[in-house]
Amino acid sequence: MQRGLPTVLIALGAAWVLGGCVTINIYFPAAAAEKAADRIIDEVWQLQRQPAGGEGAPPAAQPKN
Numbered sequence: 166m167q168r169g170l171p172t173v174l175i176a177l178g179a180a181w182v183l184g185g186c187v188t189i190n191i192y193f194p195a196a197a198a199e200k201a202a203d204r205i206i207d208e209v210w211q212l213q214r215q216p217a218g219g220e221g222a223p224p225a226a227q228p229k230n
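First residue of the sequence shown: 166, per the working numbering; consecutive thereafter.
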């Protein structure tokens, strides 16, 4: 029985190490990713086109005499 315990521990350790090496591949459709990227880019461009203050840049300050 003494020799069986180390063998069991080695087997469990090997199973644990091999279990940590599992790669999970997730299928993500390229068309959906491209569509989402296009939507995000469009939203960013719309935010950049909108003026921050309402009607363009504020008028330049007049120098005091």
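Just so it is clear, CB atoms sit at the ideal spot from N, CA and C, and this is done for glycine as well.
Source: prediction; values computed, not measured.
Inset, instruction - In the DSSP assignment, find the alpha helix (DSSP H) that holds Thr188 and state where it starts and stops. - result: Taking the sequence shown and counting its residues from 1, the one referred to as residue 188 is at position 23. That residue, Thr188, is in no alpha helix (DSSP H); it is neither H nor E in DSSP.
Legend entry - Neighbourhood of Trp181 by C-beta, 6 Å cutoff - its chain only, sequence neighbours within 5 removed: Position 16 of the sequence shown, counted from the first residue, corresponds to residue 181. Within the same chain, no residue comes within 6 Å of Trp181 by CB-CB distance, once the 5 residues on both sides are set aside.
Legend entry - Inter-residue Cα distance where the pair is Asn190 and Ala196: Walking along the sequence shown from the start, residue 190 turns up at place 25. Walking along the sequence shown from the start, residue 196 turns up at place 31. For Asn190 and Ala196, the distance between alpha carbons rounds to 18 Å.
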